[in-house]
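Chains as they are written, first to last, in the numbering used here: chain D, 33 to 358; chain W, 35 to 284. Just so you know, even glycine gets a beta-carbon here, dropped at the ideal spot from N, CA and C. So the structure is just underneath, and the comments pick up after that.
Here is the structure:
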């Protein structure tokens, strides 16, 4: 009885719906791809390698949406963190310091976002659009948009690479473990701690939360910093994987992250969502990508399908929530 | 002087200005232990201002507040809450998509190490508190959105009951509620009194007020026009005072 309650609380009705759709999509792709290549190891492997980059930031962005705010600046945080990492590598500082400095970029960008949003009380969509452009401009000026390889300063086999981009047993990319691990930690925080309740309360009814003594500004700033750190981590991981910094790392991630969260049942107005839903939503967006490619559709057409999927899911989630609360 | 004459709270000589507008002028207002008092008056009379001073949202420009025989300074809502003065707003204080127990404990969740919530206790305690009000819910994990207006007020009232309020202030608790739901809320207020708590409620509905209030304080233009026990007045009399804003000419 208690276990059923736990399970139903974990799943939440939106996640169930998202999971159903995910399973259906997998089945559809498996049936319709030539030679049934969808569920073969090569495709699953490449999906697994790419999903965590989107997934780790989507978890952050989704939780921020539950809290009632948006962050578009992650597509600038990712390359900015990558750039700072490479600069520290060039300085010859110890690797742990390079790691700390890289994550600090996320802390700073997140803090700036959080303070601006909570002090100005302007829509976060606009504020973070501004910060996205601001950091991007600085980055382009500093890097002159030139890629920078890391091998000049980082020999292969470093502990940093083993930690973030190794492939265990030749089959499991370690960043998948990071994705799952971070998801588990964030789920525990969001659904089982009082801070998580404050996040939901802030997003669902900020006036009520404040009347009950919750410091909603502090909650938002903390979540913004969390999003920044996760984006910086992804910047580091992608830099290590492609072995260089490029100025267009992370382009388009901000919208795909929102898409993952929406497909995962996160409400656009705050207060509703779950980590499991965002997790499955990310996988759904990712398999739409790879499924479309395997089906032989032109690459530029994939965006159309993802866009249609986002609208469809936003509408379906609303109908589903109305139906389940009848 | 620290005698309280059986009064839980005494507000003495309260003045409040907003710019050049005088919202309250020398208002005296008190509530005894375990008493239900209804604060009535037309719009702009100063009722909301008076209770906002009592709940710490505003600070009086002049006057004193005594609580349980001691002079107090209410600089913020937290000061008032710490004394046991709680305010129940309408649904503005509930999160519609959160469960009943998460709402009751919002901001004051029962938690242990690392802030992990004790869901079982929150569930059990919120069900028990709602039952004290006479409200039976099957599942405290149900979303507040699924409850009726009267039940939602019940949840907001359960919150103040659980956190050991001594004085509960309700601002228009039955507005926008159906007849049946209004009755439910008034039963809740009676239950609060049964639990030893004093209640102040503002209402425009004098019929509702007359059902449960023991005393009526009528405000007009920032001043206390009348302070009468129920036995010394009637709905018509109160209505007359509110509408004309002055005592009737005999």
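Can you pull the chain D residues whose beta carbon is under 8 Å from the beta carbon of residue i, in chain order?
i, result
"residue 123 (chain W)", "243"
"residue 112 (chain W)", "245"
Cβ closer than 9 Å: which chain W residues qualify as neighbours of residue i?
i, result
"residue 225 (chain D)", "143, 145, 148, 149, 150, 151"
"residue 233 (chain D)", "129, 132, 136, 137, 140, 141"
Let me know the secondary structure DSSP gives residue i once reduced to three states.
i, result
"residue 346 (chain D)", "helix"
"residue 225 (chain D)", "strand"
"residue 57 (chain W)", "strand"
"residue 151 (chain W)", "strand"
"residue 49 (chain W)", "strand"
"residue 330 (chain D)", "coil"
"residue 194 (chain W)", "helix"
"residue 113 (chain W)", "helix"
"residue 244 (chain W)", "helix"
"residue 85 (chain D)", "helix"
"residue 43 (chain D)", "Because the pLDDT of residue 43 (chain D) is 49, which lies under 50, any placement of that residue in the model is unreliable, and the number read from its coordinates should be weighed accordingly. Helix, per DSSP."
"residue 44 (chain W)", "strand"
"residue 100 (chain W)", "strand"
"residue 271 (chain W)", "helix"
"residue 281 (chain W)", "coil"
"residue 351 (chain D)", "helix"
"residue 250 (chain W)", "strand"
"residue 260 (chain W)", "strand"
"residue 81 (chain W)", "helix"
"residue 201 (chain W)", "strand"
"residue 140 (chain W)", "coil"
"residue 298 (chain D)", "coil"
"residue 211 (chain W)", "coil"
"residue 169 (chain W)", "coil"
"residue 36 (chain W)", "Model confidence at residue 36 (chain W) stands at a pLDDT of 46, short of 50, so the residue's coordinates are unreliable; what they give is reported in the following sentence. DSSP places residue 36 (chain W) in coil when its eight states are reduced to three."
"residue 52 (chain D)", "helix"
"residue 224 (chain W)", "helix"
"residue 108 (chain W)", "coil"
"residue 358 (chain D)", "Note on residue 358 (chain D): pLDDT 44, under 50, position unreliable in the model; no value is reported."
Compare the Cα-Cα distances from residue i to each of the options and report the closest residue.
i, options, result
"residue 119 (chain D)", "D:64, D:109, D:181", "D:181"
"residue 241 (chain W)", "W:54, W:268, W:231, W:63", "W:268"
"residue 343 (chain D)", "D:324, D:312, D:288", "D:288"
"residue 346 (chain D)", "D:319, D:296, D:328", "D:296"
"residue 131 (chain D)", "D:290, D:272, D:203", "D:272"
"residue 263 (chain W)", "W:272, W:254, W:248", "W:248"
"residue 277 (chain D)", "D:79, D:48, D:121, D:78", "D:121"
"residue 43 (chain W)", "W:52, W:79, W:102", "W:102"
"residue 63 (chain W)", "W:52, W:56, W:93, W:100", "W:100"
"residue 209 (chain W)", "W:122, W:163, W:133, W:140", "W:122"
"residue 68 (chain D)", "D:323, D:291, D:298", "D:323"
"residue 203 (chain W)", "W:191, W:234, W:164, W:59", "W:234"
"residue 71 (chain W)", "W:85, W:58, W:79", "W:85"
"residue 202 (chain D)", "D:104, D:59, D:332, D:78", "D:78"
"residue 208 (chain D)", "D:82, D:63, D:65, D:59", "D:82"
"residue 114 (chain D)", "D:232, D:167, D:244", "D:167"
Just to make sure I have the definition right: I need the residues of chain D whose C-beta is within less than 9 Å of the C-beta of residue i. Which are they?
i, result
"residue 130 (chain W)", "236, 237, 303"
Beta-carbon separation of residue i and residue j under 8 Å?
i, j, result
"residue 267 (chain D)", "residue 141 (chain D)", "no"
"residue 234 (chain D)", "residue 100 (chain D)", "yes"
"residue 305 (chain D)", "residue 98 (chain D)", "yes"
"residue 237 (chain W)", "residue 206 (chain W)", "yes"
"residue 276 (chain W)", "residue 251 (chain W)", "no"
"residue 85 (chain D)", "residue 310 (chain D)", "no"
"residue 47 (chain W)", "residue 97 (chain W)", "yes"
"residue 220 (chain W)", "residue 180 (chain W)", "no"
"residue 326 (chain D)", "residue 75 (chain D)", "yes"
"residue 279 (chain W)", "residue 200 (chain W)", "no"
"residue 61 (chain D)", "residue 70 (chain D)", "yes"
"residue 167 (chain W)", "residue 225 (chain W)", "yes"
"residue 198 (chain D)", "residue 206 (chain D)", "yes"
"residue 252 (chain D)", "residue 150 (chain D)", "yes"
"residue 279 (chain D)", "residue 108 (chain D)", "no"
"residue 300 (chain D)", "residue 218 (chain D)", "no"
"residue 65 (chain W)", "residue 232 (chain W)", "yes"
If the cut is a Cβ gap below 7 Å, which residues of chain W does residue i touch?
i, result
"residue 102 (chain D)", "In chain order: nothing, as chain W lies at least about 19 Å away."
"residue 349 (chain D)", "The contacting residues do not exist; residue 349 (chain D) stays about 13 Å from chain W at best."
"residue 346 (chain D)", "In chain order: nothing, as chain W lies at least about 16 Å away."
Check the Cβ-Cβ distances between residue i and every residue of chain A, and say whether any is below 8 Å.
i, result
"residue 121 (chain W)", "Absent from the structure is chain A; the protein chains it does hold are D and W."
For a contact defined as C-beta to C-beta under 8 Å, what are the partners of residue i on chain W?
i, result
"residue 215 (chain D)", "Correct list: empty, because the minimum Cβ distance to chain W is about 18 Å."
"residue 219 (chain D)", "Chain W residues near residue 219 (chain D): none, gap ~13 Å exceeds 8 Å."
Worksheet item: What alpha helix (DSSP H) runs, 4 residues minimum, are completely inside the segment 213-289 of chain D?
Response: 226-236, 238-243, 248-274
Discussion item. Quick check on the DSSP output: what are the complete alpha helix (DSSP H) runs of length 4 or more inside the segment 99-129 of chain D, in order along the chain?
Written reply: 106-123, all fully within the segment 99-129 of chain D.
Worksheet item: Counting only runs that start and end within the segment 136-224 of chain D, where is the alpha helix (DSSP H) found for 4 or more residues in a row?
Response: 156-175, 191-196, 206-224
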